[in-house]
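Numbering (my numbering), first residue to last: 1308 to 1521.
So, in structure tokens, the structure goes:
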């Protein structure tokens, strides 16, 4: 019977393989943790940016509720001695104060569309806030009803611009996982602005209210 020859087969070091696999697992865990922290930080700044941008929607809510505490002071029903106008306003003048806001809001989107793609979304939001600031500053020193007409028209322009630009900006910077939540902040800030007018306006003077709105 012939002698059988055996060939030596190398034996794998299972302990070494297990050590390498454990290292790979640890590296994967560390990398996943790093990604999670990065996503959390990105999400925080994303919400912060949207909240800051929605300050313009808060101002929009303020101007929507502005007439409720202001008109009773201009027509002499409340604190007639503090009326900045020489005479109480009439029903016709009250109607004009209410109707000039939507008139400006009709033209606001048209104006926003002219520079929305030319200068970008962020700069467009900043520009849309300028009529708010100008209008409230004029209202602080207004002693003529015609100035209040201009104030309401400027607020309408800004309102229409904000309602056009801000939803586009939020939709573009949002992600699939948070776009709905980010978009809901728009209506939330508008509601808070209206509530602000109702809660603050009746209890301070007209000039003080407009200064606070600035």
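Even for Gly, the Cβ is constructed at its ideal location relative to N, Cα and C.
For this session: Taking all protein chains shown into account, decide if residue 1421 is buried (16 or more other Cβ within 10 angstroms of its Cβ) or exposed.
Result: exposed
Problem set entry | residue 1460 to residue 1487 span [Cα, whole Å] | 32 Å
For this session: Could you pull out every residue in the same chain whose Cβ sits closer than 8 Å to the Cβ of residue 1441, ignoring the five residues on either side in sequence?
Result: 1461
Exercise. DSSP on residue 1384, reduced to helix/strand/coil?
Worked result: coil
Exercise. Skipping 5 residues on each side, what residues in its chain have a beta carbon closer than 6 Å to that of residue 1384?
Worked result: none
Problem set entry | Rounded distance between the beta-carbons of residue 1368 and residue 1419, thought under 8 Å | About 18 Å; that fails the 8 Å criterion.
Problem set entry | Reference residue 1524; option with closest CA among 1446, 1464, 1463 | Given a span of 1308 to 1521 for the chain in the structure shown, any question on residue 1524 remains unanswerable.
Exercise. Counting only runs that start and end within the segment 1420 to 1477, where is the alpha helix (DSSP H) found for 4 or more residues in a row?
Worked result: 1428 to 1448
For this session: Indicate whether residue 1395 and residue 1387 have their beta-carbon atoms separated by less than 8 Å.
Result: yes
For this session: Would you identify the three-state DSSP class for residue 1517, choosing helix, strand or coil?
Result: helix
For this session: Please classify residue 1512: is it buried, with 16 or more other beta-carbons within 10 angstroms of its beta-carbon, or exposed?
Result: exposed
Problem set entry | Burial state of residue 1397, where buried means 16 or more other Cβ atoms lie within 10 Å | exposed
Exercise. Looking at the structure shown, is residue 1396 part of a helix, part of a strand, or coil, going by DSSP?
Worked result: coil
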